[in-house]
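One structure is given below, encoded as structure tokens.
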DNA sequence: AGTTTGTTAGTAGCGTCATAACAACACCAC
DNA sequence: GTGGTGTTGTTATGACGCTACTAACAAACT
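Chains as they are written, first to last, in the working numbering: chain F, 0 to 259; chain X, 0 to 259.
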């Protein structure tokens, strides 16, 4: 069994199947149709277990059965399987989150109520999501700094362009000409190189976001040497708080966006 | 804990969370932000377990942490949570099904190769999906019979209309005027009432589908009396096989679509 | 007669649930 | 500043349920 097959089985497990169910499903796609014995021959699933495993897959609409002697099984098409699992996923999502919305509305604090808090976020994708969200919440101005184009990403890029189109003052700040070049085509986004005497000599700095005068996110990159190729990024953020106001002022004096 | 909350927790479990994780996630939406103690007070999750449970939720991007004393937690927004879980779902789907496509192409039988087989399908939705798929595979004619509008459904309805628009001969056959009325607005779909002497006096008959002269699906409804309100439907189908040819001829002589 | 099929039973291992213990810390009254 | 009390965060442990895996066997098939 190849590494790819192990990965596929692991993914099917995360989609709600057991290991045996995943193996049987894949085997039936290899076979087209097959008996329990056929399936156990191309997997390490014991023949005696194939019967109940395929019944379970049939219950979930992933396998069809021919009551012949011996019983023949076939997996539904890949598109049908994707669709079936997606429908189940959407159904469970709706059931769960509709309820969560209900309790949030009933018990949760007011939407406008923002606490004097600083929050941690970990992981590059989540930080990008949070940054894009904060960019969208800004009302007057956005300043975004990143040390490389990878740290801009599509979500942030889209959010910056939308806010610029909405009339906000948007500035992108980077030492890297490739980052600045991303915005050559956009009249309303200023892409600025920091003055040399204002650079923070810290290779772990990731991204910085300032919105209005009281929205802020700052991230740092993990130590690449511990896990080469894995740059665990951690950020903190705060919005509409006294902390954010103070920190925005502090950061602004440090990175000083191109007033020269 | 209400039945709704139990359902929501069960759904979150099906989305990959443990029971404790679901309870904590919901609790944090009730609270807005909270400590381990706050969470254990509004759930039955023991306080000592909240720390590792929230760490696990944070790893999955569903909770954010404020390293204060005591530690404060907040759940990400409902939209973020939906999105995060959906992205994970799509990622796992892609990883699994890309591999399945690979092995199907490499090992699976030729697409054109159809075996002399009859297959079982259970459940109303799956039968509807299969019927719609078979309708789409027909090339010259489609005949569809159902005893009530509920047994037509949106997927089948759409498929019938598309095939009629594609130029196939499409006939809908039903004793129920409400079913026939569905197609009053469509010039190319003939909706016909069976002759009285040709009716099958069988209250368990569900749906019948004939495509060309070698595609067939027949379903029966379960016994409503055993589980009131639950009409477990079972169908068999066959396509491009000798079985299908024979069965199509047999059914056609039985239901005889209005040649008189 | 030998092999295969389908069903059932049983055990081991693992992950989750739930309880318990405890050192360290925070808070408060004096 | 100190002592008492409560809280916090961590760690350990056992019970339980589910899945993986093996084994046995009657019936059916070849």
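Where a beta carbon is used, it is the ideal one built from N, C-alpha and C, also for glycine.
Every value quoted in this text rests on a predicted model; they were computed, and no experiment measured them.
| Query | Result |
| --- | --- |
| Put residue 204 of chain F into one of helix, strand or coil per three-state DSSP. | strand |
| For the alpha helix (DSSP H) containing residue 157 of chain F, name the first residue and the last one. | 152-164 |
| Out of curiosity, what's the CA-to-CA distance linking residue 232 of chain X and residue 126 of chain X? | 8 Å |
| Quick one: any contact between the segment 233-241 of chain X and the segment 210-218 of chain X, if contact means 3 or more CB pairs under 8 Å? | yes |
| Less than 8 Å between the C-beta atoms of residue 175 of chain F and residue 147 of chain F, yes or no? | yes |
| Is residue 33 of chain X helix, strand or coil when you go by DSSP? | strand |
| Can you give me, in chain order, the residues of the segment 118-145 of chain F that have a beta carbon less than 9 Å from any beta carbon in chain X? | 118, 119, 120, 121, 122, 124, 125, 128, 129, 132 |
| Verify whether the separation of the beta carbon atoms of residue 29 of chain X and residue 152 of chain F is less than 8 Å. | no |
| Excluding sequence positions up to five away, which residues of its chain have a Cβ less than 7 Å from the Cβ of residue 45 of chain X? | 39 |
| Just list the residues that DSSP pairs residue 218 of chain F with in beta bridges. | F:234 |
| Nearest chain F C-beta to residue 215 of chain X closer than 8 Å, yes or no? | no |
| When the Cα atoms are used, what is the spatial distance from residue 2 of chain F to residue 15 of chain X? | 23 Å |
| By the three-class DSSP mapping on this structure, what secondary structure does residue 180 of chain F have? | helix |
| For residue 119 of chain X, which residues in the same chain have their Cβ closer than 8 Å to its Cβ, ignoring the five residues on either side in sequence? | 233, 234, 235 |
| Rounded to whole angstroms, what's the CA-CA distance from residue 194 of chain X to residue 90 of chain X? Just pull it up for me. | 54 Å |
| Name the residues in the segment 50-66 of chain X whose C-beta lies less than 9 Å from a C-beta of chain F; which are they? | 57, 58, 60, 63, 64, 65, 66 |
| Between residue 175 of chain X and chain F, is the shortest Cβ-Cβ distance under 8 Å, so that the two count as touching? | no |
| Going by C-alpha to C-alpha distance, which of F:206, F:243, F:10 sits closest to residue 95 of chain X? | F:10 |
| CA-CA distance, residue 188 of chain F and residue 26 of chain F? | 54 Å |
| So, at 7 Å on beta carbons, what are the nonlocal neighbours of residue 133 of chain F in its own chain, with the 5 sequence-adjacent residues on each side left out? | 208, 210, 214, 216, 236, 238 |
| Does DSSP put residue 188 of chain X in a helix, a strand or coil? | strand |
| By DSSP's criteria, residue 142 of chain X is part of a beta bridge. Which residues make up the other side? | X:170, X:209 |
| Please tell me whether, using a cut-off of 7 Å, the distance from the CB of residue 10 of chain F to the nearest non-hydrogen atom of the ligand NAD is below it. | Of the ligands one can find in the structure shown there are none, so the ligand NAD has no counterpart to examine. |
| Using a Cβ-Cβ distance under 8 Å, would residue 239 of chain X count as near chain F? | no |
| Please work out which residues of its chain come closer than 8 Å, Cβ to Cβ, to residue 65 of chain F, disregarding the five sequence neighbours upstream and downstream, and give them in chain order. | 32, 71, 72, 73 |
| Using CA atoms only, rank isn't needed, just tell me which of X:218, X:204, X:103, X:160 is closest to residue 186 of chain X. | X:160 |
| For the beta strand (DSSP E) holding residue 66 of chain F, just list the boundary residues, first then last. | Unbroken run through residue 66 of chain F: none, as it is neither H nor E. |
| Name the residue from X:155, X:99, X:67, X:241 whose alpha carbon lies nearest to the alpha carbon of residue 141 of chain X. | X:155 |
| Please state if the CB of residue 139 of chain F and the CB of residue 168 of chain F are separated by a distance shorter than 8 Å. | yes |
| Check the Cβ of residue 108 of chain F against every Cβ in chain X and list those closer than 9 Å, keeping chain order. | 30, 31, 32 |
| Select from the segment 84-96 of chain X all residues with a C-beta closer than 9 Å to any C-beta belonging to chain F, and list them in chain order. | 84, 85, 86, 87, 88, 89, 90, 91, 92, 93, 94, 95, 96 |
| Using a Cβ cut-off of 8 Å (strictly closer), state whether residue 73 of chain F contacts chain X. | yes |
| In whole angstroms, what is the alpha-carbon distance linking residue 170 of chain X and residue 190 of chain X? | 6 Å |
| Name the two residues that bound the continuous alpha helix (DSSP H) containing residue 129 of chain F. | 123-136 |
| Taking all protein chains shown into account, decide if residue 53 of chain X is buried (16 or more other Cβ within 10 angstroms of its Cβ) or exposed. | buried |
| Rounding to the nearest angstrom, what Cα-Cα distance links residue 17 of chain F and residue 67 of chain F in this structure? | 26 Å |
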